[in-house]
Each structure stands twice: as C-alpha cells, then as structure tokens.
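**Student:**
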Amino acid sequence: MADLSVKVAGVEFKNPVIPASGVFGYGREYEEFYSLSRLGGISTKGTTGQMRTGNLAPRIAETPMGMLNSVGLQNPGIDRFISHELPNLMQKDTVIIANIAGSTPEECAEVAAKLDSTDVHMIELNISCPNVKQGGAAFGVTCEGASSVTRIVRNATKKPLIVKLSPNVTDIASIAKAVEAEGADSVSLINTLLGMRIDINTGRPVLRNNCGGMSGPAVFPIAVRMVWQVANAVSIPVIGMGGISSGRDAIEMMMAGASAVQVGAAIITDPFAPVKIIEEMNQFLDEKGIKSVREIIGSVKPW
Amino acid sequence: MKYTQGKYILLEKKAIAKQIYDFTILCPDIAQAASEGQFVNILPEGHTLRRPISICGIDREAGTLRIVFMAKGEGTQKLADTPKGANLDIVGPLGHGFAMNEVSGKTIITGGGIGVPPLLPLAKHYGSRAVVILGFRSADAVILKKDFEATGAEVIICTDDGSYGVHGMVTKPLEEEIAEAGQVLSCGPMPMLKAISAVSEAKNVPCQVSLEERMGCGVGACLVCACRVKKNGEERFGHVCKDGPVFDSKEVMW
Chain X
1 MADLSVKVAG
11 VEFKNPVIPA
21 SGVFGYGREY
31 EEFYSLSRLG
41 GISTKGTTGQ
51 MRTGNLAPRI
61 AETPMGMLNS
71 VGLQNPGIDR
81 FISHELPNLM
91 QKDTVIIANI
101 AGSTPEECAE
111 VAAKLDSTDV
121 HMIELNISCP
131 NVKQGGAAFG
141 VTCEGASSVT
151 RIVRNATKKP
161 LIVKLSPNVT
171 DIASIAKAVE
181 AEGADSVSLI
191 NTLLGMRIDI
201 NTGRPVLRNN
211 CGGMSGPAVF
221 PIAVRMVWQV
231 ANAVSIPVIG
241 MGGISSGRDA
251 IEMMMAGASA
261 VQVGAAIITD
271 PFAPVKIIEE
281 MNQFLDEKGI
291 KSVREIIGSV
301 KPW
Chain G
1001 MKYTQGKYIL
1011 LEKKAIAKQI
1021 YDFTILCPDI
1031 AQAASEGQFV
1041 NILPEGHTLR
1051 RPISICGIDR
1061 EAGTLRIVFM
1071 AKGEGTQKLA
1081 DTPKGANLDI
1091 VGPLGHGFAM
1101 NEVSGKTIIT
1111 GGGIGVPPLL
1121 PLAKHYGSRA
1131 VVILGFRSAD
1141 AVILKKDFEA
1151 TGAEVIICTD
1161 DGSYGVHGMV
1171 TKPLEEEIAE
1181 AGQVLSCGPM
1191 PMLKAISAVS
1201 EAKNVPCQVS
1211 LEERMGCGVG
1221 ACLVCACRVK
1231 KNGEERFGHV
1241 CKDGPVFDSK
1251 EVMW
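Heads up: the protein sequence lines correspond to chains X and G, in order. Residue numbers for the first sequence follow our numbering, so the first one is 1 and each next one is one higher. Residue numbers for the second sequence follow our numbering, so the first one is 1001 and each next one is one higher.
1) Apart from the five residues on each side of it in sequence, which residues of its chain come closer than 6 Å, Cβ to Cβ, to G/M1192?
2) Listed from N- to C-terminal order along the chain, which residues in the region 1037-1060 of chain G have their beta-carbon within a distance smaller than 9 Å of any beta-carbon of chain X?
3) Contact criterion: CB-CB distance below 8 Å. Does X/T269 meet it with respect to chain G?
4) By how many angstroms is the C-alpha of X/I162 removed from the C-alpha of X/A223?
5) By the DSSP assignment, the alpha helix (DSSP H) with X/R248 in it spans what residues?
6) Please report whether the beta-carbon of G/L1223 lies at a distance below 8 Å from any beta-carbon of chain X.
7) Is G/C1027 close to chain X, meaning its C-beta is less than 8 Å from at least one C-beta of that chain?
8) Taking a contact to mean a Cβ-Cβ separation below 8 Å, would you say G/I1156 touches G/I1178 in this structure?
9) Beta carbons nearer than 9 Å to chain X: which residues of the region 1194-1216 of chain G have them?
10) Grab me the residues of G/I1114's own chain with a C-beta within less than 6 Å of its C-beta, minus the 5 sequence neighbours each way, in chain order.
11) Does X/R59 get closer than 8 Å to chain G when you measure Cβ to Cβ?
12) Against chain G, does X/E180 count as a neighbour if the rule is that its beta carbon must be under 8 Å from one of theirs?
13) With a cut-off of 8 Å, does the C-beta of G/Y1003 fall near any C-beta of chain X?
14) Can you confirm whether G/F1237, when its beta carbon is compared against all beta carbons of chain X, has any partner nearer than 8 Å?
15) For the 8 Å Cβ check, are there 3 or more pairs between the region 56-65 of chain X and the region 292-301 of chain X?
16) In the region 1076-1099 of chain G, which residues sit with their C-beta less than 7 Å from some C-beta in chain X, listed in chain order?
17) Based on the DSSP output, what are the partners of X/E124 in its beta bridges?
18) Taking the beta strand (DSSP E) that G/F1136 falls in, what are its first and last residues?
19) Does the beta-carbon of X/S37 have 16 or more other beta-carbons within 10 angstroms, so that it is buried, or is it exposed?
20) How many angstroms separate the CA atom of G/F1023 from the CA atom of G/R1066?
21) In terms of DSSP beta bridges, what is G/K1014 paired with?
22) Hey, out of X/A9, X/D3 and X/M1, whose CA is closest to X/D185's CA?
23) For G/W1254, collect the residues of the same chain with a Cβ closer than 7 Å to its Cβ; drop the 5 residues on either side in sequence, then sort them by chain order.
24) Bridge partners of G/F1237, per DSSP?
25) Are the region 1032-1050 of chain G and the region 1014-1021 of chain G in contact at 8 Å, needing three or more beta carbon pairs?
26) Using a cut-off of 7 Å between C-beta atoms, extract the partners of G/C1227 located in chain X.
27) Any beta-carbon of chain X closer than 8 Å to the one on G/G1113?
28) Give the straight-line distance between the Cα atoms of X/N155 and X/L125, rounded to the nearest whole angstrom.
29) Out of X/L89, X/L115, X/L193 and X/P87, which has the shortest C-alpha to C-alpha gap to X/I100?
30) Ordered along the chain, which non-local residues of its own chain (more than five positions away) have a Cβ less than 7 Å from that of X/V169?
31) Once the 5 residues before and after G/K1084 are set aside, which same chain residues still bring their CB inside 8 Å of it?
32) Helix, strand or coil: how does DSSP classify G/P1255 here?
33) Which term fits X/P274, buried or exposed, when burial requires 16 or more other beta carbons within 10 angstroms of its beta carbon?
34) Taking G/A1099 and G/Q1208 to be in contact with their CB atoms under 8 Å, please state how far apart those CB atoms are, rounded to whole angstroms.
35) Where G/K1007 and X/G298 are concerned, what is the direct C-alpha to C-alpha distance, given to the nearest angstrom?
36) Taking Cβ-Cβ distances shorter than 7 Å, what residues in chain X pair up with G/G1244?
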C-alpha cells in the first residue's frame, strides 16, 4: 500500500483524488454509492452570492470521447450553502473545497468573506466558467482581469485560495503567474474548453445556450500540456484536471506537475470513477515500487 | 434512496418494431428496488454519457427488468447491438416514479410512441380499473398492444394516419373517457403531454406526466436535465432525473 497522501497549500489530503466542481453537487447523491471519506477531497458545486437558476435545457450534449455542458452555475446561493450544505459536508472526513463564482469581482469577494468564518478547508475561485455571460470567463481570460479578481478575493479571506483557470486563453502560464503574484495559494486547471454541436437535422445547436464547456477523455492531452506549462511557470501547487478517467491518467497528470487531481466527466460516466482511480493509482505505485505518490509529482523527464 | 451500479446480463432481446428493442435484463437488486415510472441509466460501451431508459416491466421473483427502447442515435444503437448474454453497465433504479394512487373512477393511462413502454407496469397495477389509450404514428409502429390487453385493462389504440384503430390523437378518446376518470397517468412527447394535461385539468382530474430531457449523471448532482416547474406558486428549475421523471401536470411550465 503506497502512501497516497499529498499536501496542497498547507492542507493535508489522504489521497490526491477530488471530484471536480459541478459534477458532484454537494456530495449527497454520491453518498448513496460510497462513503465520501474515501475521497481525497470534494470541490463543491460553484456557488454565487445569490441563488441562480442556470440556463435553459438541453444543457448537455455528447461528443466523441467527451461531452459539452451549459448548466450556467445553477446553485442555491452562498447563504443556503453555508446553512444547509456545508455543515453536512464538514462531517465527511474529507477536505472540503468551496468552489465560488460571481458576476463581478465584488460578488466573488463577498462570497469568499462569508466562507471565511466557516470551517471550510479551502476556497476555489472560479474565474473561468464558460457558461455565464457576465463574469466567469470574462475575468479569467486576461492577466489584468485574473489579477484584479484574485486580489480582491485574497483580501476577503484567509482560507487557502485556489484559483481555477480557463483553458480558453492564449497563454495559460502567464495567467497562472498573474494570480500567483496576487497571493493565490494554488491554481487548478483546466476548466472546460468552449465548444459547440449542431443537430444537422434541425439546424439548431444541441445546447439551448448554443455553446458550452467541453470535458471528458478527449480533452486530456490538452489538460496535461497546460498543467505541465503552468507547473513549470509557478511555484505554488497545481491541481490538475481535464479528462482524467483512470488511475493511469491521474498518474500522468501528476507527472506533468499536478500535486492533486480533480475528476469531472468521468463521474457522469461511472459514479465510482474517483474510488476506482484511487485504487488504480495505488496499484500502479505498488507495481513500480514507488513508496509515495509525492515522488511522481512533476517527475516527467522532458526531451 | 440507495443506488446500485453494476454489470448485468442481457437475458433476452427482441426487435419488436422498426428501431424498437425489447430487452430482459437479470438484475435482482435493481428489480427489487424499482417502482413504476422509474428508469435505469445504461452506458453504451465506449461512450461518455449513459442513456436513461424507462422501465417497462419489473419481475421481482425472477429478478429481471424489462426495457423497451428506440435505437434513435449512436448510443442507443450501440445498446441495441448488445448481444444476448453480454453484460450491460447499469445504474438504477433512478428517479421519482408514478404515485400509484387509489381513486374512485377509472384510471386513464395514456401516452404515445416510445413513451408507451413505462405505462405497462401501470396497466398491470390497475388492471380492469384502467382505460389505456395509446397513440402511434401508424399501424407498423404499434407496440406492446397484447401486453396491455393481457392486463385486463380496456385498450384503445390511435394512429396519426388512421392505419390502425382510432384515426387521430389520444386526446380524442381521452375527451370521451375523462368524465368518468379519477386520475390520468401519461408519458409521451411534450406536445402530447401538454394536450393530455389540458384535457385533464379542464375537468379537474389529477394528471401525472413523465417527462424526458437530455441527462448526465441521472442522480440529481450534475443539474443538466433542467425543466421549469412551479411549486407553491414559485417557479424554479426541477431536474427530470431526480425530481422527476414523473411530475404533477400542474407543476410543469409548458
């Protein structure tokens, strides 16, 4: 049994596998399949200052080896998250990461400030949701935007702050450096890639929102490349995600430089994906005689 | 609610109409927990998204579920191509099914097309206390007629082109039967459900409708299968997979 524990921004994880924000709600549904204590952590559904109803359906479309979604940050709002969801989550013996978003930097800061007085372990600031017209990706696609929202949220909370980056940019490493300079404790990437499908029988986009965020195994090589570029550019820990669906994928992402990984679309395919990934990672490390998963972080030997 | 995921053997398969397949799957734990109007989420091999398929029959003694579905796209075609004896990766039973209320007066069970299969367990339950009104495009699209007749319910078949049974939509016989009805239970395409609800609501007969939407997780976490519903005067997005697929017709924002 290899040591799977990792540390990100001072927070201990029993293993590096975290269900990504958006696919896992607030954990209640998956607790009907397995104990949440088996997970390294949980990144909760993106939560905003006020309740949001999200986009019209259809909100999902399948793509070759992947999917598009356009949920649009549907959530009950931060107050209800704190009163109705967080107390339950905090009892689950796993790291709880509150994923937050907003239409303005001020809204993000207000949400972060409310979480500052709770027991939540970490905050993940989403500056990269492709599915909301205002905010989201608008902050995340320029260094200036990413810097300013990180600065104001950093000032609002002492919690370890992860900034979740958009891949829909020219140079993701420069955005990562910009948020690091403003005091981010970690960066997570990649959020979904903007995509589109059209039903050729009707001439209509499959998604009611026309476009949506692409995820799933098809995006994995892009995610590995971006994690590798970012890990080489910053000295804060990187949380890697994008198309991870097996233990081997998770190992590969960590070799690229990720200190932990998040799993999204794979959970929609298989609710047990995170626990299977943990088992497969352990098996791989044992077979290779590697004692700790920490040894593989950033261990890629580039040509 | 406890969910089960596993690989289950396809015991029997039949093609019963153009693109329509009839599967019997050995899955005792899911069959034991399943109720009328629920669905299972099945993964076509090599795909990212599961396909939600309504339950057409529950045999707890044999430990089997029956599903009847249409091979409409690549994913459902892949499922249809599963050879007898092979495994299917299933999560289930899922969703909020029909409330099986006892009423004075007839229970009208109505729907159309590929919305018909989940109505069969309802006909089995209500038997001779039910009137079943089913709509299809044409005679060659009619499915499960004998199964419905074997339940003891009165069965009325309608076709759009008049090639079989009543020429016209299910609302035609429904208008005649609604006066003696205690409740209406329905599943089918949205415009049909909307028309069925309007006929029922006009006579103050409670009506339950089973909706369809593109789904992700199937368990209520990913929030993709949103539908606009109204409860206690408040509008919100419900989710077909967990709040539904069956809703009170008065809750649905058509």
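Where is the CB? At the ideal position from N, CA and C, for every residue including glycine. Fair warning: this is a prediction, and the values are worked out from it, not measured in the lab.
**Tutor:** Let me lay it out:
1) The residue you call residue 1192 of chain G lines up with position 192 of the second sequence. Cβ neighbours of G/M1192 beyond the five flanking positions: G1112.
2) Listed in sequence order: L1043, G1046, H1047, T1048, L1049 and R1050.
3) Your numbering for residue 269 of chain X matches position 269 in the first sequence. Taking Cβ atoms only, chain G reaches closer than 8 Å to X/T269, which makes this a yes.
4) For this step, residue 223 of chain X is matched to residue 223 along the first sequence. For this step, residue 162 of chain X is matched to residue 162 along the first sequence. So the two alpha carbons sit approximately 17 Å from each other.
5) Numbered from 1 along the first sequence, position 248 holds the residue referred to as residue 248 of chain X. Its alpha helix (DSSP H) spans residues G247 to M255.
6) In the second sequence, residue 1223 of chain G corresponds to position 223, counting from 1. It does; some Cβ of chain X falls within 8 Å.
7) If you number the second sequence from 1, residue 1027 of chain G lands on position 27. So no, G/C1027 is outside the interface.
8) In the second sequence, the residue the question calls residue 1156 of chain G occupies position 156. In the second sequence, the residue the question calls residue 1178 of chain G occupies position 178. It is not a contact, given that the beta carbons lie outside the stated cut-off.
9) E1213, R1214, M1215 and G1216
10) Residue 1114 of chain G sits at position 114 when you count from the first residue of the second sequence. Counting only residues of its own chain and dropping the five nearest sequence neighbours on each side, G/I1114 has a CB closer than 6 Å to the CB of M1070.
11) For the purposes of this step, residue 59 of chain X is identified with residue 59 of the first sequence, where counting begins at 1. X/R59 counts as touching chain G.
12) On the first sequence, position 180 is the one that residue 180 of chain X refers to. Judged by the 8 Å Cβ criterion, X/E180 is not in contact with chain G.
13) What you label residue 1003 of chain G is simply residue 3 of the second sequence in a count that begins at 1. G/Y1003 counts as touching chain X.
14) Start at 1 with the first residue of the second sequence, and residue 1237 of chain G comes out as number 237. G/F1237 counts as touching chain X.
15) The answer is no - the region 292-301 of chain X does not touch the region 56-65 of chain X, with fewer than three Cβ pairs under 8 Å.
16) Those would be V1091, in chain order.
17) Your numbering for residue 124 of chain X matches position 124 in the first sequence. X/E124 pairs with X/N99 and X/I162.
18) The residue given as residue 1136 of chain G occupies position 136 in the second sequence. A1130 to F1136 is the span of the beta strand (DSSP E), which, as asked, contains G/F1136.
19) Against the first sequence, residue 37 of chain X aligns to sequence position 37. Answer is exposed; the Cβ neighbour count stays below 16.
20) Here residue 1023 of chain G corresponds to residue number 23 of the second sequence, with the count starting at 1. Here residue 1066 of chain G corresponds to residue number 66 of the second sequence, with the count starting at 1. Those two C-alpha atoms are separated by around 6 Å.
21) Counting from one through the second sequence, the residue named residue 1014 of chain G turns up at place 14. G/D1022.
22) For the purposes of this step, residue 185 of chain X is taken as residue 185 along the first sequence, with counting starting at 1. Ranking the options by Cα distance to X/D185, first place goes to X/A9.
23) As a working mapping, residue 1254 of chain G is identified with position 254 in the second sequence. Once the five neighbours on either side are set aside, the close Cβ partners of G/W1254 are K1194.
24) Residue 1237 of chain G sits at position 237 when you count from the first residue of the second sequence. According to DSSP, which records beta bridges pairwise, G/F1237 is partnered with G/R1228.
25) no
26) Position 227 of the second sequence holds residue 1227 of chain G. A57, listed in chain order.
27) Locating residue 1113 of chain G in the second sequence gives position 113, counting from the first residue. Judged by the 8 Å Cβ criterion, G/G1113 is not in contact with chain X.
28) Taking the first sequence and counting its residues from 1, one reaches residue 155 of chain X at position 155. Taking the first sequence and counting its residues from 1, one reaches residue 125 of chain X at position 125. Between X/N155 and X/L125, the C-alpha separation is close to 13 Å.
29) Stepping through the first sequence from its first residue, residue 100 of chain X is reached at position 100. Checking every option, the nearest Cα to that of X/I100 belongs to X/L115.
30) Reading the first sequence from its first residue, position 169 is the one you call residue 169 of chain X. The answer, listed in chain order, is V141 and I175.
31) Walking along the second sequence from the start, residue 1084 of chain G turns up at place 84. Within the same chain, G/K1084 has close Cβ partners L1010, L1011, E1012 and K1013.
32) With chain G running from 1001 to 1254 in the structure shown, residue 1255 of chain G is simply not present.
33) Walking along the first sequence from the start, residue 274 of chain X turns up at place 274. X/P274 should be labelled buried.
34) Working through the second sequence from its first residue, we reach residue 1099 of chain G at position 99. Working through the second sequence from its first residue, we reach residue 1208 of chain G at position 208. Their Cβ separation, rounded to whole angstroms, is 7 Å, which keeps G/A1099 and G/Q1208 in contact under 8 Å.
35) As a position in the second sequence, residue 1007 of chain G is number 7, starting the count at 1. As a position in the first sequence, residue 298 of chain X is number 298, starting the count at 1. Annotation: G/K1007 to X/G298 spans about 37 Å, alpha carbon to alpha carbon.
36) Within the second sequence, residue 1244 of chain G is the residue found at index 244, counting from 1. Near G/G1244 there are no residues of chain X at all, since even the closest Cβ is about 12 Å away, more than 7 Å.
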